[in-house]
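Engineer: In this note's numbering, the protein residues as written are 4 to 331. For each residue, glycine too, the CB sits at the ideal point set by N, CA and C. All values reported here derive from a predicted model rather than from experimental measurement. The structure is given below, and queries will be raised subsequently.
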């Protein structure tokens with residue numbers, strides 16, 4: 004069996020041409036049943052009407068006050084929806100989604116145990132996928148395989164998610180060309196998610212902030228035209244009345260210790276420090292440079308200085324890879 008270990012890279016190293024990450028910390032929720040679409044439309048921020056088998060969308064699941072239980076990417080095949088999200092968030096969001104599902108003809112299932120998820124990244128990622136799966140990837144966001152699918156992610160670094168049914172044949176398939184790739188236990192995938200400022204919600208940040216605080220709108224994960232859904236009033240008010248005061252940010256700096264999700268971040272104000280947010284995702288390069296995604300106040304100066312509580316190493320903003328200016 005292939006062993007996926009932590010990929011050792013310094014912050015100054017070039018990205019390998021192909022990185023294959025085992026995403027054991029990600030999971031899959033499936034939705035089936037004849038009322039799956041109508042039920043999910045009333046629960047999620049994204050619009051699933053018209054989603055084709057070759058398309059994907061980001062989305063979120065909110066509580067009645069508009070705070071996110073989870074975020075996900077969803078794909079569709081035939082009569083089923085496939086939601087890919089962090090496992091720790093899936094464990095929180097699934098029971099909440101099921102609360103009212105008993106009144107609809109829909110089956111919601113944690114199918115994580117029946118599949119394997121991988122992330123493929125790098126300049127030669129697409130070529131590696133074409134060779135490994137004997138396919139030719141087009142411009143479609145989702146390419147279906149006999150035993151799963153490949154999802155093309157947006158961003159500056161070429162990246163793909165692969166979902167495969169769990170089997171010896173699937174494991175052999177993903178393993179056959181690993182000698183031509185750098186392998187990763189999933190921790191470096193977190194680094195790529197941070198650099199993409201992806202709107203990912205894990206357990207540490209579940210039920211804390213509204214979708215716009217995670218920049219979900221920048222990934223087209225919020226529909227403002229689909230109609231009502233749980234938490235919609237708060238989400239709409241944040242857009243049209245400007246009530247949202249937070250946004251996902253990227254922080255970086257050299258640290259002497261590991262940083263964990265949920266750790267507190269402080270902002271320097273003169274000689275004092277004030278709480279400003281919590282760590283969402285984190286990754287530390289081999290040379291000690293740390294990457295962090297965090298929901299922060301959206302009115303801070305670009306040269307603001309931060310630190311992790313009880314850690315004197317300072318952090319600074321990195322530019323986001325997209326604009327948060329919304330069209331009217």
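Do the region 247-258 and the region 55-70 make contact, defined as three or more Cβ pairs closer than 8 Å?
Structural biologist: The region 247-258 is not in contact with the region 55-70.
Engineer: Determine the burial state of residue 272: buried for a count of at least 16 other Cβ atoms within 10 Å of its Cβ, exposed for fewer.
Structural biologist: Exposed is the call here.
Engineer: Could you tell me the alpha carbon to alpha carbon distance between residue 303 and residue 224, rounded to whole angstroms?
Structural biologist: Approximately 25 Å between the Cα atoms of the pair.
Engineer: Roughly how many angstroms separate the alpha carbons of residue 29 and residue 177, rounded to a whole number?
Structural biologist: Straight-line Cα distance between these residues: approximately 17 Å.
Engineer: Strictly by DSSP, which residues pair up with residue 243?
Structural biologist: Residue 243 is not bridged to any residue.
Engineer: Could you pull out every residue in the same chain whose Cβ sits closer than 6 Å to the Cβ of residue 2, ignoring the five residues on either side in sequence?
Structural biologist: Nothing about residue 2 can be reported from this structure: the residues present for the chain run from 4 to 331 only.
Engineer: Are residue 114 and residue 42 closer than 8 Å when you measure CB to CB?
Structural biologist: Their beta carbons are not under 8 Å apart, which means residue 114 does not touch residue 42 by this criterion.
Engineer: When we look at the beta-carbon of residue 269 and count the other beta-carbons within 10 Å, is it buried (16 or more) or exposed?
Structural biologist: Buried: at least 16 other Cβ atoms inside 10 Å.
Engineer: Less than 8 Å separating the beta-carbons of residue 23 and residue 159?
Structural biologist: No, these two residues do not count as a Cβ contact at 8 Å.
Engineer: So, using beta-carbon positions, are residue 14 and residue 290 closer together than 8 Å?
Structural biologist: Yes, the pair counts as a contact, with Cβ atoms nearer than the cut-off.
Engineer: Output the distance between the C-alpha atoms of residue 147 and residue 167, rounded to the nearest integer angstrom.
Structural biologist: Approximately 10 Å between the Cα atoms of the pair.
Engineer: May I ask you to verify whether the region 48-57 touches the region 216-235, counting CB pairs closer than 8 Å and requiring at least 3?
Structural biologist: At 8 Å Cβ cutoff, the stretches touch.
Engineer: Leaving out five residues before and five after residue 99 in sequence, what residues of the same chain have Cβ atoms less than 8 Å from its Cβ?
Structural biologist: These residues qualify, in order along the chain: 64, 66, 72.
Engineer: Tell me the DSSP secondary structure of residue 215 in three-state form.
Structural biologist: Of the three classes helix, strand and coil, the one that applies to residue 215 here is helix, per DSSP.
Engineer: Report the residue from 183, 143, 237 whose alpha carbon sits nearest the alpha carbon of residue 124.
Structural biologist: Of the listed residues, the one whose Cα sits closest to residue 124 is 183.
Engineer: Can you list, in chain order, the residues of its chain whose CB lies under 6 Å from that of residue 3, leaving out five sequence neighbours each side?
Structural biologist: The question about residue 3 has no answer, for the chain in this structure spans 4 to 331.
Engineer: State the DSSP-derived secondary structure class of residue 196, mapped to helix, strand or coil.
Structural biologist: DSSP places residue 196 in helix when its eight states are reduced to three.
Engineer: Tell me the residue span of the alpha helix (DSSP H) that contains residue 165.
Structural biologist: No alpha helix (DSSP H) holds residue 165; the beta strand (DSSP E) holding it covers 162-168.
Engineer: Skipping 5 residues on each side, what residues in its chain have a beta carbon closer than 6 Å to that of residue 294?
Structural biologist: Closer than 6 Å at Cβ, skipping near neighbours: 194, 197, 255, 286.
Engineer: So if DSSP puts residue 76 in a beta bridge, which residue, or which two residues, is it bridged to?
Structural biologist: Paired residue(s): 61, 87.
Engineer: Out of 257, 9, 301, 231, point me to the one whose CA is closest to residue 215's CA.
Structural biologist: Residue 301 is the option with its Cα nearest to residue 215.
Engineer: Helix, strand or coil for residue 146 per DSSP?
Structural biologist: Looking at residue 146 - three-state DSSP - the assignment turns out to be strand.
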